[in-house]
Structures are given as C-alpha cells and as structure tokens.
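In terms of my numbering, the sequence shown is residues 1 to 76.
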Amino acid sequence: MIARAIPKDQMGLLFNVAVCLPQILVGVSVSWLLKTVLHESAANVMLLAGLFFIIAAVMTGFIDDREIKVSYFHFC
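Structure (structure tokens):
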C-alpha cells in the first residue's frame with residue numbers, strides 16, 4: 001500500500017524501515033523480554049508474536065489507500 005506512494009529511488013528506505021529495523025530491534029530486545037517479562041517461556045514469545053500479528057492486521061483496516069498522491073510524500 002505504501003510502496004505506491006514512495007518514489008522508486010526510495011524503495012531501499014522502505015525496505016530498511018519495514019524489514020531490517022524491526023529485525024534489529026527484536027534481536028536486541030527479545031532476550032531481555034524473554035527473561036524478565038515472558039518468564040523464559042518460548043510459548044509466551046509465540047503468544048506475544050501472535051498478539052502483534054493481530055494488532056497489525058487490525059491496523060491495516062485503517063489505511064485508506066484509494067487516494068494516495070505521490071506528490072505529498074517528499075523524502076530527503
């Protein structure tokens with residue numbers, strides 16, 4: 001949905017923000033979460049991942065992509 005609103009030369013930025021950055025954040029924080037919040041249970045990690053998946057699915061319902069105008073999105 002957002003890929004249509006970003007110029008072709010900015011696709012690397014979209015990839016880094018949507019894929020690489022979340023993986024880095026999870027890699028840094030999941031061990032702390034596993035030990036302190038999730039009581040060292042892999043099942044709890046999967047439940048948390050499922051919860052975030054459901055939240056993401058619900059949030060996509062709020063995206064209105066019918067009138068995306070490329071001129072509104074200017075990046076440095």
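Glycine included, each C-beta is placed from N, C-alpha and C at the ideal position.
Counting along the chain, where does the alpha helix (DSSP H) carrying residue i start and finish?
| i | result |
| --- | --- |
| G61 | Per DSSP, G61 belongs to no alpha helix (DSSP H) and is neither H nor E. |
| V17 | Unbroken run through V17: none, as it is neither H nor E. |
Taking 7 Å as the limit between beta carbons, can you name the residues of its chain near residue i, skipping five residues before and five after?
| i | result |
| --- | --- |
| L34 | E40, V45 |
One question on the structure: do residue i and residue j come within less than 7 Å of each other, judged by their Cβ atoms?
| i | j | result |
| --- | --- | --- |
| L14 | I24 | no |
Give a yes or no on whether 7 Å exceeds the smallest Cβ distance from residue i to chain C.
| i | result |
| --- | --- |
| I6 | No chain C is present in this structure, which holds just one protein chain. |
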